[in-house]
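At position 38 of the sequence shown (counting the first as 1) the number is 603 in our numbering, and the numbers step up by one without a gap.
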Amino acid sequence: MKAQVLLPKVFNFPFTYNSKIKGKIGNLVEVPFGSKKEIGVIWKNNYEEPKNIKIKDISKKTEYSIDKKLVDFIEWFSSYNMVPIGLVLKMVIGNTDKFIRIKDDSIILKKTEKKNFDLNEEQFAALKFLEKTKNKFDVSVLQGTTGSGKTLVYFERIKKIIKKNNQALVLLPEIFLTNDFKSRFEDFFGFEPAIWHSKISPKQKRLIWKGIINNKIKILVGARSALLLPFKKLGIIVVDEEHDASYKQDEGVIYNARDMAISRANFERIPVNLVTSVPSIETYNNIKNKKYRHIKIFKRFDDYPLPKSKIINLNLNKIKNKYIANETVDLVKKYLEKGDQVLFFINRRGYAPYLICKKCGFKHICPNCSLYLTFHKIRNKAICHHCSFEKKIEIKCKLEKNCEFVMYGMGVEKIFDEIREIFPHKKVNIFSSDYLKTKNETKNLFKKINDNEIDILIGTQMISKGFNFPKLNCIVVVDADFSGRGYDLRTTEKNIQLYHQLSGRAGRFSSESLIVYQTLNPQDLTLNELIKDKSEELLENELLLRKKNKLPPFKRLIAIIISSKDRSLSLQGAREIKIRLNDINNIEVLGPVDSPLLKIKKNFRSRLLIKFDNQIFMQKKITKVLNGLKISQKIKLTVDVDPINFA
C-alpha cells in the first residue's frame, strides 16, 4: 500500500512512500528522506504518484497524530496565503523529529493563589450574549472601553469551556503583554498559563507541544504562531486586541493571525471571540453587515471616567530645542505633587532619528537600507531599525576635522534627558523594547511601577497595549501627529486605536485624570473627533473613504515584492511578471513602482499590487502563474496577501 507523506519543508506537495503500517491521514510518521530520517504527516491521496522512481518505505508510525480538521485548515491556509504547504506544516509540528524521540515529563503548571471575581451587570450580560452560540462556529466581538473588564468576561467563558474537557487558545498581539496578563490569569484561574512565543526555550516548546497534542494543557496563551499548534480538542479561540497590527506576520510565512484564527475556528466548528476597545476597520464592517455578533461594555472599574483631554498648540508653546511645552510642565506638576504617576508617550525608539553634520552636511544613512540611522544613546551608536546595522558616530569631516553632528528629531531617550532636566528630583524610567530585553528587566519595571517607585515613565507604543498601572493619572502625547507617511492605508485607523488605547491607560482608579496632546496641527479633524470619544464616527468616515477609493475591505489586495541586489533587475522582473499576470481575468495589476523603502538589507525592491473583488478566490490562479515563471536566481519574490502597508 502506498501513502502520501507531507514533510515540514519548502515543498508544495507530499512524497509517496510504501506503507506496511496501518496509518491514517494525520498520523505523524518517520520516513527516510535523502540520507536522513524525517518526521512527516500522512496526507490525503489526491496527488500524483511519481513514475520510474524507487519508492522508499515509511520507517515507523509515532504515537502522535493531528486532526483531519487541522489537515484541511493547513491546505486552506497554504492556498489562501500563497505559501508552500510544507512550510505551513512546519509551523504546526516544528522540529518534531528533534523531540519526539526525547521522553520528557509532562509540563507542570505551578498552582497559584486564586482570587474571587464578581462580574458586574454589564459584564454578566456580555457573558450571556457570548454564550448563546454554544459549540458551533460563530464570530462574536466583545468591545469595551479600556478598563471595563473585557478580560474578566472571556476568562469566565473559558472557565466553562475547559470544564467540559475542551481546550482554549488566547492570542495576544505582543509577547511583552504576557507578563502583565500572566498575573491576572493566575489570580483568576489559580494556576499559571502555558505561554507560547518565539522566545521560549526549546525544552519548553517541546513540553507545551506535547501537552497540547495530548489535551493535557487546557489553556494556552500565545503570540501569532500559537494559532497553528496541533490542539486535540480546541473549544474556543480568543483574539485579544484584535485590531492590533502586530497580528500581521510580515517575514517568512506572511499571514494575518486574526483572520487565520477566524478561519481555523470555522474549520474546527468552534466559536471565536474578537476582543477590542476600537475594532479594526474589517471587523467594524463585518459588524455593520451583521456577519459578526457584537456586544459592548462601557463601565470602567468602579465607574471611573475616561481621562479629560487637552490639546496644546506647539506653534505657540514650543521653546527652541525643547519638546515639552511650558503649559504641559505646569499640568504635569499638579499630578506629581499629588503622588500620581505621569507617562510621556513618544512612539520613536532611541535618541534621535537623524544625524547630520552641521559643517559638511554628512548624513548617517544605513549602507544596507535606504533609511536614516537612529542614534541610540544607551549604546552610543547609530542603528538601523530594519537590518540592525550599527556604527559609532565618529567620522572624518570633508573639512579634515571630526564631524559635528546635530541630532534632529526626537526619540524616547531625548525626551528622557529633557524630563530629567525639568524634574531633577523625580524617578524617571524608559518603557521601550530596547530597555526591556529580558524577562527580569520587564518584571522589575512592573514591580517598580506598581509599588509607586517610579514617578515618570517615557514610553513607546508597547505601553499602550493592555497594561494596568494603578497610579497613572496623566499622559502626555509628546507629538500627536496624525499625518502618517503616505504609504500606510491604515494610518487613520491605527491612530484612532492607538490613542484610544493610550487614554485608557490613565485614570483606572481615579476620577481626576488627563491626557495631553501636544501638536503642531491642533485643528486636525481626527484628533478633535478622537477627544470627543467619537471613534465610531471616525471609522464610519474611514469606511466611506475606502469604499470610494476601492480599497479593503471592499476589494482584496495582494502585494508582490520583487527584490534584487540590482535595482534595474528588480524593475525589469516586475514588468515581466505583470505581463503574465495580465492574462488572468477579473484582476487589476498596478505598478510596478519602487517601494517607499527602496532598499532593505542590500536588496532593491519593486512592487506590484493586485486588486480584485473580495468575493472571488483568486489566489490559486495567481499562484499557478507565479509557479510557472522562469525567474532569474538573482531575483526574489515575496507575496503578501492582504498587505497592511505599502512600505
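All C-beta atoms in this analysis are idealised placements derived from N, C-alpha and C, irrespective of residue type, glycine included.
Closest residue to residue i among the options (Cα-Cα distance)
i            : options               : result
residue 1201 : 1131, 1175, 1185      : 1131
residue 1100 : 658, 605, 842         : 842
residue 772  : 577, 752, 794, 755    : 794
residue 649  : 1211, 1185, 590, 1199 : 1185
residue 998  : 983, 1119, 1021, 1027 : 1027
residue 1208 : 678, 758, 1125, 907   : 1125
residue 904  : 838, 1037, 921, 950   : 1037
residue 537  : 959, 790, 974         : Nothing in the structure corresponds to residue 537, since the chain is present only between 566 and 1212.
residue 1213 : 1137, 1173, 1182      : Because the chain here runs from 566 to 1212, residue 1213 falls outside it and cannot be looked at.
residue 705  : 1181, 907, 696, 583   : 696
residue 1168 : 1144, 1156, 935       : 935
residue 1034 : 590, 1197, 907        : 907
residue 825  : 860, 788, 854, 798    : 788
residue 1098 : 1193, 1039, 1061, 654 : 1061
residue 714  : 740, 753, 594, 1021   : 753
residue 895  : 875, 910, 947         : 875
residue 624  : 607, 808, 703         : 607
residue 978  : 1011, 798, 1013, 909  : 909
residue 765  : 1054, 801, 790, 589   : 790
Residue environment, residue i, which counts as buried when at least 16 other CB atoms sit within 10 Å
i            : result
residue 760  : buried
residue 833  : buried
residue 932  : exposed
residue 1095 : buried
residue 872  : buried
residue 1196 : exposed
residue 1088 : exposed
residue 1189 : exposed
residue 1239 : Outside the shown range of the chain (566 to 1212) lies residue 1239, about which nothing can therefore be said.
residue 1178 : exposed
residue 758  : buried
residue 566  : exposed
residue 844  : buried
residue 622  : exposed
residue 587  : exposed
residue 1064 : buried
residue 918  : buried
Three-state class that DSSP yields for residue i in the structure shown
i            : result
residue 647  : coil
residue 1132 : helix
residue 769  : helix
residue 1090 : helix
residue 1038 : strand
residue 612  : coil
residue 752  : helix
residue 941  : strand
residue 1278 : The question about residue 1278 has no answer, for the chain in this structure spans 566 to 1212.
residue 1066 : helix
residue 776  : helix
residue 791  : helix
residue 568  : strand
residue 935  : coil
residue 1190 : helix
residue 1162 : strand
residue 1122 : strand
residue 1185 : helix
For residue j and residue i, believed in contact at Cβ under 8 Å, the rounded distance
i            : j            : result
residue 803  : residue 719  : 5 Å
residue 889  : residue 987  : 7 Å
residue 630  : residue 583  : About 20 Å separates the two Cβ atoms, so there is no contact after all.
residue 780  : residue 732  : 6 Å
residue 1127 : residue 1144 : In fact, because the Cβ distance is near 13 Å, the residues do not count as touching under 8 Å.
residue 862  : residue 688  : 6 Å
residue 651  : residue 576  : 4 Å
residue 1175 : residue 1151 : About 11 Å; that fails the 8 Å criterion.
Test: residue i CB closer than 8 Å to a CB of chain C
i           : result
residue 624 : Looking at the structure shown, chain C is missing, and only one protein chain is on hand.
Bounding residues of the beta strand (DSSP E) (the contiguous stretch that carries residue i)
i            : result
residue 593  : 592 to 598
residue 805  : 799 to 805
residue 1205 : 1200 to 1206
residue 1172 : 1168 to 1178
residue 691  : Not the beta strand (DSSP E): residue 691 falls in the alpha helix (DSSP H), residues 686 to 696.
Range of the contiguous alpha helix (DSSP H) that encloses residue i
i            : result
residue 603  : Element bounds for residue 603: not the alpha helix (DSSP H) but the beta strand (DSSP E), 601 to 607.
residue 900  : 891 to 902
residue 977  : 977 to 987
residue 832  : 822 to 833
residue 717  : 715 to 728
residue 849  : 846 to 853
residue 873  : Residue 873 -> not in any alpha helix (DSSP H); beta strand (DSSP E) instead, spanning 873 to 878.
residue 1018 : Where residue 1018 is concerned, there is no enclosing alpha helix (DSSP H), given that its DSSP letter is neither H nor E.
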